[in-house]
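Reading through the structure tokens given below for one structure.
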Amino acid sequence: MFLKPHCLPLFITLFSLSLSSCLGSYREHPLHPKPYHPYFHTFGVSNKPNYPTLNSADLFNYNIEIRTSAPKIVNVDAFGAKANGRDDSQAFKKAWKYACSSSQGATLVVPKKKVYHLKPIDFSGPCKSAISLNIQGTIKATVNHSDYERYEGRWLYFDKVQNLRVEGGGIINGNGRTWWENSCKINKALPCKEAPTAVTFNECNNLIVASLLIKNAQQMHLSFRKCVNVKAFNLLVKAPGHSPNTDGIHVTETQNININNCVIGTGARKSAAYVSNVLVNNTILSGTTNGVRIKTWQGGSGYARNIRFQNIVMYNVSNPIIIDQNYCDQQKPCPKQVSAVRVSNVLYKNIRGTSASRVAMKFDCSKSFPCRGIFLQDVALRPQEEEHEDIAKASCSNVRLSYRGNVSPPCSS
């Protein structure tokens, strides 16, 4: 069953408006042998930071094994995909069904130098064996809003697919302009309606998502829900600065997720849910509305714990570090609640850069369930404007903090 957005207790919002490019090595793939760095210099990132080598086992220990034998190669063109500007959804559905039914495993290939237009699609499991979606070309969303009416806020939806890889160096384009123009965040006279999430993984265990450009989402770009053992790396997500609510990555009720080597730059909510063992590493954020953010709806329950943000550079980011246990996205003030999603064991390490807002660090935690075990190590955030170096500050409420190394700005006691 599709989970509605009001059930999202934790958002790792690596960007809110648009995004830049990804860093890190790309393991050569037999179907895509050239290294994946085609977008690196496009967004003004000239040099890769010299980050230390990370062994994520110090946060959590898991292995993802995807294949044990050579996979069957399945090309969407063989199932009638034309890439001629018309809808190719049926061809993709047929190709997925065929690949998913392979007992030896399969790689579904989207050929390079082609643009395929798709309506909302459910890529459903379980499949008979491990499966890969190798996107070398471009997948682009159709713009007819009526196509999405029965899909409950989603476009590309992977449901209950185990041992899945989605990669290939290609592009996923949400084609979101018409959705942005009809958003109540842009036009206050319009009613607020949910727009689709570009890519959703629901209940997908042992998952790898890597080496893709995901851009111009209708609303959110990438969402992980109820997944276990996830590796997401070398991802570029971008959208223009005027696009509303185009968050980068949302993580909900997901365990053991490693988000690594990405550069991001932009431009009824009382549910119980649980998020733990999250690593965000080697990331660049540029011009985003939020940096590394944990937000929970008031009145929820459950926990968000064992979360690590490290080796992150920020350029002109509003709200670089933020935990908000009192989130309220409505015009009228939300009533105060006595329950909350409990936030604990969060590490911010080696984070540096510039803040576009006066408050560079904000911990707005619940009075009933304060944030506990929040660790800050080697954090240096300063104002974007050089002449106002004394204005960056931290706002800290109901949070239990520990410091190591140099931390700026510090919370006042």
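Quick note on numbering: this note's numbering labels position 37 of the sequence shown as 50, and the sequence is numbered without any gaps. Beta carbons: idealized from backbone N, C-alpha and C, even for Gly.
Distance CB(residue i)-CB(residue j) smaller than 9 Å
i, j, result
"L177", "F214", "yes"
"S408", "V372", "yes"
"Y316", "Y287", "yes"
"D391", "N339", "no"
"V222", "K244", "yes"
"L225", "V264", "no"
"I151", "K127", "What sits at residue 151 in the sequence shown is Thr, not Ile. Closer than 9 Å, so yes."
"N332", "S368", "yes"
"R190", "N229", "yes"
"V174", "I144", "yes"
"S187", "L146", "It is worth fixing the name first, because residue 187 is Gly in this sequence and not Ser. Not closer than 9 Å, so no."
"N88", "P124", "yes"
"L169", "A104", "no"
"N358", "R306", "no"
Straight-line gap, residue i to residue j (C-alpha atoms, nearest Å)
i, j, result
"A112", "V330", "42 Å"
"N363", "N295", "10 Å"
"C205", "S196", "7 Å"
"F73", "N219", "Note that F73 scores 36 on pLDDT, short of 50, meaning its location in the model is unreliable; the coordinates nonetheless yield the value given after this. Approximately 14 Å between the Cα atoms of the pair."
"S236", "N411", "29 Å"
"T259", "S381", "31 Å"
"V354", "G93", "48 Å"
"L36", "C341", "In this prediction, L36 scores a pLDDT of 29, lower than 50, which makes its location untrustworthy; the coordinate-derived value is nonetheless stated afterwards. The alpha-carbon atoms of L36 and C341 are separated by roughly 34 Å."
"T202", "E162", "According to the sequence shown, residue 202 is Ala rather than Thr. So the alpha carbons of these two residues sit roughly 22 Å apart."
"N419", "L360", "14 Å"
"N13", "I334", "No answer is possible for residue 13: the residues shown for the chain start at 14 and end at 426."
"I184", "F388", "37 Å"
"G300", "V326", "11 Å"
"G386", "L298", "25 Å"
"E398", "G313", "38 Å"
"Y49", "S415", "Unreliable placement is indicated for Y49, whose pLDDT of 35 sits below 50; no coordinate value is reported for it."
"K95", "S370", "48 Å"
"N271", "N200", "37 Å"
"G138", "C275", "28 Å"
"P396", "E194", "32 Å"
Cβ distance (whole Å) where residue i is taken to contact residue j below 8 Å
i, j, result
"R365", "C384", "Not quite, the Cβ-Cβ distance comes to about 22 Å (not below 8 Å), so this is no contact."
"I320", "V291", "4 Å"
"N273", "N242", "That belief does not hold up - the Cβ atoms of N273 and N242 are roughly 14 Å apart, past 8 Å."
"P257", "K308", "Going by Cβ atoms, the distance from P257 to K308 rounds to 16 Å, so no, they are not a contact pair."
"K106", "I148", "Rounded, the Cβ-Cβ distance is 16 Å, inconsistent with contact."
"Y129", "K153", "7 Å"
"V293", "F246", "Not really, about 11 Å apart at Cβ, beyond 8 Å."
Close-in-space but distant-in-sequence residues of the same chain around residue i (CB under 6 Å, 5 per side omitted)
i, result
"E41", "Any reading at E41 must be qualified, since the residue scores a pLDDT of 33, below 50, and its modelled position is unreliable; the value itself is stated next. Within the same chain, E41 has no close Cβ partners at all."
"S425", "none"
"R417", "Q390"
"G118", "R80, P84, S142 and A143"
"C217", "F171, V174, L177 and C240"
"H234", "A211, I227, V250 and G261"
"F136", "W109 and F171"
"N324", "Y64, N294, N295 and N363"
Residues of its chain near residue i, where Cβ-Cβ distance is below 8 Å and the 5 sequence neighbours each way are ignored
i, result
"W192", "H158, A208, P209, Q231 and Q232"
"P422", "A373, M374, L394, A405, K406 and A407"
Extent of the continuous alpha helix (DSSP H) run through residue i
i, result
"E194", "R190 to E194"
Start and end residues, beta strand (DSSP E) containing residue i
i, result
"C384", "C384 to P396"
"Q103", "Element bounds for Q103: not the beta strand (DSSP E) but the alpha helix (DSSP H), S102 to C113."
"S137", "I134 to S137"
"H130", "V128 to L131"
"C409", "K406 to S410"
"D377", "V372 to D377"
"T267", "That residue, T267, is in no beta strand (DSSP E); it is neither H nor E in DSSP."
"A317", "S314 to V330"
7 Å CB neighbourhood of residue i in its chain, flanking five on each side removed
i, result
"K132", "D100, S102, T155 and D160"
"S115", "K85, K141 and S142"
"D90", "P124"
"A108", "V87, V89, F92 and L121"
"E266", "R238, K239, A286, Y287 and V288"
"P46", "Here the model assigns P46 a pLDDT of 33, short of 50, so the residue's position is not dependable, and the following value carries that caveat. Excluding positions up to five away in sequence, the list is empty."
"N60", "Reliability of the predicted coordinates at N60 is poor, the pLDDT of 35 falling under 50, and no value is obtained from them."
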